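Trainee:
Chains as they are written, first to last, in the working numbering: chain A, 9 to 394; chain B, 9 to 394.
1. Given this structure, state the Cα-to-Cα distance separating residue 115(B) from residue 356(B), to the nearest angstrom.
2. Is DSSP giving residue 184(B) helix, strand or coil here?
3. Here's a check: name, in chain order, each residue in its chain whose Cβ is nearer than 8 Å to the Cβ of residue 36(A), leaving out the five neighbours to either side.
4. Does residue 131(A) pass the burial test, meaning 16 or more other C-beta atoms within 10 Å, or should it be called exposed?
5. Mind checking who residue 29(B) pairs with in its DSSP beta bridge?
6. Just checking: is the beta-carbon of residue 290(A) within a distance shorter than 8 Å of some beta-carbon in chain B?
7. Taking the straight line between their C-alpha atoms, what separation do you get for residue 279(A) and residue 224(A)?
8. What is the rounded straight-line gap between the Cα of residue 313(A) and the Cα of residue 56(B)?
9. Less than 8 Å between the C-beta atoms of residue 28(B) and residue 311(B), yes or no?
10. By the 10 Å Cβ neighbour count, where 16 or more other Cβ atoms means buried, how is residue 362(A) classified, buried or exposed?
11. Please report whether the beta-carbon of residue 13(A) lies at a distance below 8 Å from any beta-carbon of chain B.
12. List the DSSP bridge partners of residue 62(A).
13. In angstroms with no decimal places, state the Cα-to-Cα distance between residue 397(B) and residue 254(B).
14. Taking the alpha helix (DSSP H) that residue 56(B) falls in, what are its first and last residues?
15. Kindly identify the DSSP beta-bridge partner or partners of residue 209(A).
16. Are the beta-carbon atoms of residue 382(A) and residue 331(A) separated by less than 8 Å?
17. Please state whether DSSP places residue 433(B) in a helix, a strand or coil.
18. Could you check whether the Cβ of residue 207(B) sits closer than 8 Å to any Cβ belonging to chain A?
19. By how many angstroms is the C-alpha of residue 38(A) removed from the C-alpha of residue 197(B)?
20. Based on the DSSP output, what are the partners of residue 341(A) in its beta bridges?
21. Give the interface partners of residue 80(B) over in chain A, defined as CB-CB distance under 7 Å, in chain order.
22. What does DSSP give as the partner residue(s) for residue 376(A) in the beta ladder?
23. Distance cutoff 8 Å, beta carbons only. Does residue 174(B) sit that close to anything in chain A?
24. Going along chain B in order, which residues have a C-beta closer than 7 Å to the C-beta of residue 375(A)?
25. State the beta-bridge partners of residue 140(B) as determined by DSSP.
26. For residue 235(A), which residues in the same chain have their Cβ closer than 8 Å to its Cβ, ignoring the five residues on either side in sequence?
27. Write down the C-beta distance between residue 297(B) and residue 144(B) rounded to the nearest angstrom, noting that I regard them as a contact closer than 8 Å.
28. Contact criterion: CB-CB distance below 8 Å. Does residue 73(A) meet it with respect to chain B?
29. Chain A partners of residue 294(B), CB-CB under 7 Å?
30. Confirm, please, whether the CB-CB distance from residue 47(A) to residue 25(A) is below 8 Å.
31. Checking 8 Å against the spacing of the C-beta atoms, do residue 125(B) and residue 303(B) come in under that value?
32. Would you kindly check if the distance between the Cβ of residue 193(A) and the Cβ of residue 216(A) is under 8 Å?
33. Residue 50(A) touches chain B at which residues, Cβ-Cβ below 9 Å?
34. So who's on the other strand from residue 248(B), going by DSSP bridges?
35. Measuring CA to CA, which of 281(B), 283(B), 282(B), 276(B) is closest to residue 289(B)?
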C-alpha cells in the first residue's frame, strides 16, 4: 500500500507558491509510492477542521497551470496555531493516515512545522515532516534565499524602473513607491535597480535604518532640484528615529503583527506640504506578490525544485527539516538543495545587511550581485532618447 | 532634398507610446523621402524652446528597443499651449524647416494639433499635421479605441484577477483596488474580468455612475458575507451623489484638472470603520500605464501601425487629420486605419456606455466583447483547487 501525503500553505502567498505545490504533486505522482495526495483547504484552518482537498485525481493539465496561478490555489490562512490546537492537528494526521506532511511557508510556518514534528514524535506517530520555504520577504535563515523573493524582487525592481522612467519622462511630480516588507528590506532594496537602469534620480528607504524625516525631506529636495525627475521608494515598514512606523493601518493581523501601510502617502503629504513640490504616492501592495507577469524564471525553477525535493526526501525517510537553497553565483547561476533542521530556522529572522545600505538611501552593488540572478537575466536596456 | 519631420508627445504616456514613436521613425527611414527626423524634447516645452532631439542617426537597434521602454522616451509635458504660444510653435517649425509634424496624444493634444494646423495654414506654411492617437483612458472620439487602452485594460484586468485570487485564497480582508481614469471608466471596467476568471466576489465602480456610499457599503457587506473573499475595484474618479469625487489629492495639474486619488483608501477606511471588516487599499497608480510586462500584443501592433500610417499619409500630402482605428471583431481580430478630421476629435470625450454598467457595480458582457481582443487572447485559465 502506498503512502498518503498532506501539503498545506501558511501565511501570505507568493507568485510561485503554487509552483512549489506543482512540484509536490508531480513528484508524488512520479514516485509511484504515493497513494493519496491531500491538500489542506485554507492551511491550518483546513487541518484543524479535517477539511482536506483530495488532489489525487486532479488532471495533470490542471496541475501544470498552477505555475501561472497567483496566490494560493488550495487556500492559506494567517491563523497562528496555539498549544491547544496541536492535538487536533495530530488527530487529522491520524484520521487521514498521513505519512508525510509538508508545510509551505515562512518563519511562523516553520515554527508550526517544528512543533507538529516534535509532537508527532512524542506521540509515537510515524509522520515525516518537511518544511517547504516560501516568503517574498526573504527573511528565512540558513537558506541562501527564499522561493518567492526572486519574483517579488523582480516586481519591485522592474516596477521601480517603469515608474522612474514615467517620473523622468514627465517630470511634473516626485513619485513615491511603497513596497511590501514589514521588517526586512530585501524587496524594497531591489527597487534601487531604477538608479542603475534609468536616468531618474532614485532614493530608497529600508526598514532596517531609522529614518530622520527632516534629512529625508532635505535629500528629496536636493535630488528633485537636479531636474531629472525623482522616484522615492520606501518599504511599508520604515520607522522614524523614535522606532515607530512612519505610518500604520492600525490593523493587527492573525499573528499579532500590526499591519503597516500608507507610508508612501505619508511621505507624499510631507513633500507637498513641507517642500511645496507636487508628489504622488503609488502602492501596488499585494500585487507585489501576486503579479504573475513579473514572476522570475529562476524563482519558478527553484520553487518547483524545493517542492519536488521535499517529497523525495520525505519518501526516503527524512523528517524534521526545511528544504534550503545553496546558490552558486558564477558565470551562470545554479543552485543545490539541502536539508536544514527545522529548529535552526523556526522563528529566526534574516535581516538585510546594514553595510549594503549607503548613506541611508542608496543600495550597494553587493546586493545586486546577490539578488540579480534570482530576479532576472540582466539589467533592462531601455531606449532613453531625451 | 528630403523632408524633415518632427514628432512630439503630449500628456501622460502609455505602455505603447514609444512603440508609436518606433513606427514613426522606422516608416520615415523606410520611405527614403525623409532627411531629418526630429523629436521634441519634453513635448510642447521642447517645441517652444526650439529644443529638438535629432533622431536621424540613432541606431536601429536602439529604436527597436523602444517597444520595451515604458513612459516617453523623448519626454512629454502637461503644458497646455495658450494662444500666445502658437506663434513660437510656428517659428520652431520654420527654424528647423519641418515639413511634417506629428503630435502623439489624447484630447488636449488633438486640440493643440488642430490649432497648429490651422495657424500654419493661415500663415501660408506648408506643414502637414497629423495627430497620432494615444490615451489609456480610451476617451478619444471617432476611433474605435485608442492605442494605450489595450495595455492599460490588460493591466487592470489581470491585476484585478491576481488580487482577486489573493483575496479569495487568503480571505482575511476586503481588497480595494484603485485604477486610473478620471472621467472615463474604460480601464476600471476591464478589472471586472476578475468576476469571470476567479472564484472571488467582485464589485466594480466607474466614474460614470454617481455612487451612493451607503448602498455601496451595504453591497460590500453582503458580498463579503458570502465568504468567498471580496475585491472592490474603483476608478480614481468616482463621485458621490453630490457629484463630487469621493477623494481628491487637492492638486491641480497643468491642464487645470484637479487630480483625484486616494479613493481606494477612502472606501477602505469606510469598510473598516462602518462595517468593522478588515480591508486594505491598493493603488498601483502610474504602474497602470507604465508596466511593460502587461503590454498587450494587439495594442503594441496598433500603436506601431498608427505611427507608421501617420508618416505614410503625411508624406502622401495628407494633413489636418488624426489617425483612427476601425476594428473588426470576428473569429480573429483585425483592424484598419483611416483619417479622421482633427476638428472632429479635438476636445470631444467618449464616455463609457451607461447601459454596460449593471446595478451600478457590475460590467456587462458587451464591454468584454468590445475590449477582450484589444487586451488579451483569452480569459486566463487559472488552476483553482480550493
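The beta carbon of each residue, even a glycine, is placed where N, CA and C say it ideally should be.
Owing to the predicted nature of the structure, the values given are computational and were not obtained by experimental measurement.
Mentor: The short version:
1. 7 Å
2. strand
3. Its chain contains 13, 42, 45, 319 as the residues whose beta carbon lies nearer than 8 Å to that of residue 36(A), once the 5 sequence neighbours on both sides are disregarded; these appear in chain order.
4. exposed
5. In the DSSP assignment, no residue is bridged to residue 29(B).
6. Any Cβ of chain B closer than 8 Å to the Cβ of residue 290(A) would place that residue at the interface, and such an atom is present.
7. About 10 Å.
8. 58 Å
9. yes
10. exposed
11. It does not; no Cβ of chain B falls within 8 Å.
12. Paired residue(s): 46(A).
13. Beyond the ends of chain B as shown, which are 9 and 394, falls residue 397(B); an answer cannot be given.
14. 52-57
15. 238(A)
16. no
17. Residue 433(B) is absent from the model: chain B starts at 9 and stops at 394.
18. no
19. For residue 197(B) and residue 38(A), the gap between their C-alpha atoms comes out near 44 Å.
20. 337(A)
21. What residue 80(B) touches in chain A: 177, 178.
22. None; residue 376(A) has no bridge partner.
23. Yes, residue 174(B) counts as interfacial toward chain A.
24. Under the 7 Å cutoff, chain B gives no residues; its nearest Cβ is about 23 Å from residue 375(A).
25. Beta bridge pairing from DSSP links residue 140(B) with 112(B).
26. 179
27. 5 Å
28. yes
29. In chain order: 171, 174, 183, 290.
30. Judged by beta-carbon spacing, residue 47(A) lies beyond the 8 Å limit of residue 25(A), meaning their Cβ atoms are not closer than that value.
31. Contact check for residue 125(B) against residue 303(B) fails: the beta carbons are separated by 8 Å or more.
32. Contact flag set, yes.
33. 177, 178, 179, 394
34. In the DSSP output, where bridge partners are listed per residue, residue 248(B) has 219(B).
35. 276(B)
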